[in-house]
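Beneath this line is the structure, given in structure tokens, with notes to follow.
In the numbering used here, the protein residues as written are 8 to 181.
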């Protein structure tokens, strides 16, 4: 249903998916020695203090860091940005040659934390043929606003924004 919703919203096919269990990612983060992030907003959450600036986070800290949204002026968008920063750092760490020696423990953790329709052979192709592209991941944020309709919050996106996102994605895909 999520894939169909995204395909209908963007009018672009979704060929594959990856579903991430963030709790499991805390174990992966620990197995990689933590993650570094640039924090633009000092805050406290779930018993942790996150000052502004560069932070080195353990798995438990990264999970708390990625969950906070109510104190963030950007709400869910700020939380999404922090989650993407952690995932990008994980990808960068996983591409590091020193992680080869930790590969089996990382794969064990990933197996219980990630669901995907991408085959292992396809992953090997992605890693060998697209490795340099993975190091330069670009992120897009869809601009809109929250609105409550019949007691349920929705994220409303204007037609101009949808068209701009569709055009950018089409450019990337070509």
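From the three backbone atoms N, C-alpha and C, an ideal C-beta is built for every residue, glycine too.
Using a 10 angstroms sphere on the CB of residue 73, the tally of other CB atoms reaches 16 or more, which defines it as buried. Annotated as distal: residue 50 and residue 30, with beta-carbon spacing of 8 Å or more. Taking C-beta separations shorter than 6 Å and ignoring five residues to either side along the sequence, the partners of residue 163 in its chain run 151, 152 and 154, following chain order. Contact holds between the stretch 76-90 and the stretch 43-58, because three or more Cβ pairs, one in each stretch, are under 8 Å apart. In this model, residue 165 and residue 27 are separated by some 28 Å (Cα to Cα). Annotation: residue 77 is outside any beta strand (DSSP E) and is labelled neither H nor E by DSSP.
Burial of residue 34 is indicated by the presence of at least 16 other C-beta atoms within 10 angstroms of its C-beta. Within the same chain, 76 come within 6 Å of residue 82 by CB-CB distance, once the 5 residues on both sides are set aside. CA-to-CA, the gap between residue 172 and residue 15 works out to about 13 Å. Annotation: the continuous alpha helix (DSSP H) that includes residue 166 extends over 166-180. A distance below 8 Å between beta-carbons, with the five flanking residues on each side excluded, links residue 43 to the following residues of its chain, in chain order: 61, 62, 63, 64 and 96. Comparing alpha-carbon positions, the option among 98, 18 and 32 lying closest to residue 180 turns out to be 18. Around residue 54, the same chain offers no residue with a beta carbon nearer than 7 Å, after the five sequence neighbours per side are excluded.
With distances taken between CA atoms, residue 66 lies nearest to 94 out of 94, 59, 170 and 22. With fewer than 16 other Cβ atoms inside 10 Å of its own Cβ, residue 136 counts as exposed. Contact check for residue 121 against residue 25 passes: the beta carbons are separated by less than 8 Å.
Here residue 98 is not near residue 69, since their CB atoms are 8 Å or more apart. Taking 8 Å as the cut-off, the beta carbon of residue 123 is found no closer than this to the beta carbon of residue 56.
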